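Below is one structure, written out as structure tokens; comments come after it.
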Amino acid sequence: MKNIKSIKEHRNDLSCVEKKTGCYIWWFDENGKDILLKDLPGVDKSRIQRKGNYYALYYGIAKDCRQRINWHINQKHSISAVKSGYLSTLRQTLSALLGKDMTC
Numbered sequence: 216m217k218n219i220k221s222i223k224e225h226r227n228d229l230s231c232v233e234k235k236t237g238c239y240i241w242w243f244d245e246n247g248k249d250i251l252l253k254d255l256p257g258v259d260k261s262r263i264q265r266k267g268n269y270y271a272l273y274y275g276i277a278k279d280c281r282q283r284i285n286w287h288i289n290q291k292h293s294i295s296a297v298k299s300g301y302l303s304t305l306r307q308t309l310s311a312l313l314g315k316d317m318t319c
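Just add 215 to wherever you are in the sequence shown, counting from 1, and you've got this note's numbering.
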């Protein structure tokens, strides 16, 4: 799929992400979608935006998209980040959907 790179590819080079206000989407492959949504039986999965084998499961807005994407993919998931309230909403959402304690 065009324009979808793995997190690993982005981790060291975010030059393709503009430093401006905007919206962003996190895409998950079918296996990831199934894992994240397995405990949400009421979700109509046919209504999820899809491109090829990828599903849009997280939308965000940012004043500086490059900074926000960098934060999401490079932030250390630590107890101090959770306690201080600085754990990204993406990480909080994933923890909730997976039924995981954010401090583990």
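A virtual CB, placed ideally from N, CA and C, is assigned to each residue, including glycine. This structure is a prediction, so every number in the text was calculated from the model and none was measured.
Between residue i and the ligand MG, is the CB less than 7 Å from at least one heavy atom?
i	result
I288	No copy of the ligand MG appears in this structure; indeed no ligand is present at all.
Is it true that the CB of residue j sits closer than 8 Å to the CB of residue i?
i	j	result
Y273	T308	yes
W242	Y269	yes
I288	I240	no
L302	A296	yes
Between which two residues does the alpha helix (DSSP H) containing residue i stretch?
i	result
G247	245–252
V297	294–299
L305	304–313
K223	222–226
Run the CB neighbour count on residue i, radius 10 Å, all protein chains shown included, and call it buried at 16 or more, exposed below.
i	result
K248	buried
L255	exposed
M216	With a pLDDT of 46 at M216, under the threshold of 50, the modelled position of this residue cannot be trusted; read the value that follows with caution. So M216 ends up on the exposed side.
E233	exposed
C280	buried
I250	exposed
L305	buried
What is the DSSP secondary structure of residue i, reduced to helix, strand or coil?
i	result
K278	coil
I288	helix
K266	strand
Which residue's Cα is closest to the Cα of residue i: the options?
i	options	result
E245	A271, D228, H225	A271
C157	K291, D316, K278, A296	What the structure shows of the chain is the stretch from 216 to 319, and residue 157 is not part of that stretch, so it cannot be assessed.
L229	R283, Q264, D259	R283
K235	I276, D316, G314, S293	I276
L313	R226, H225, L252	L252
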